[in-house]
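A.B. asks: Just so you know, the sequence shown maps onto residues -28 to -1, 1 to 47 in mature numbering (1 follows the signal peptide of the UniProt record, and there is no 0).
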Amino acid sequence: MAISRPPQSLLFLCSILLSSYWLALSSGEEVVGYGYSIESVSVNLPGKWLSANLSLIKNSTVYGADIPRLNLFAR
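#1: Who are Ala24's beta bridge partners in DSSP?
#2: Within the same chain, show all residues whose beta-carbon is closer than 7 Å to that of Val15, passing over the 5 residues directly before and after it, in chain order.
#3: Excluding the 5 residues flanking Asn43 on each side, which residues of the same chain have their C-beta closer than 8 Å to its C-beta?
#4: Between Leu(-19) and Tyr8, is the Cβ-Cβ spacing less than 8 Å?
#5: Nearest-angstrom Cα distance between Leu(-6) and Lys30?
#6: Taking C-alpha atoms, which residue in Ile(-13), Leu(-12), Tyr6, Leu(-16) lies nearest to Asp38?
Right under this line is the structure:
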């Protein structure tokens, strides 16, 4: 089984997002959000869907209360 590598455009986008995150941290401004961590993932190849359970990394009060747990479903 061959391991596929992520496309270069995805790597570029991730590097831009990480750069902006570190700039916001170094400037002393409150971060808009810290994101979510992946708790579990389910993949159904015949049905062509993916499901993931996400949990909040850290609360941020910039735009109000955060949702502590999310269920992501993609088809």
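A virtual CB, placed ideally from N, CA and C, is assigned to each residue, including glycine.
C.D. replies: Judging by the given coordinates:
#1: Val13, Leu44
#2: Leu22
#3: Ser23, Ala24, Asn25, Leu26
#4: Contact: no.
#5: 18 Å
#6: That would be Tyr6, whose Cα lies nearest to the Cα of Asp38.
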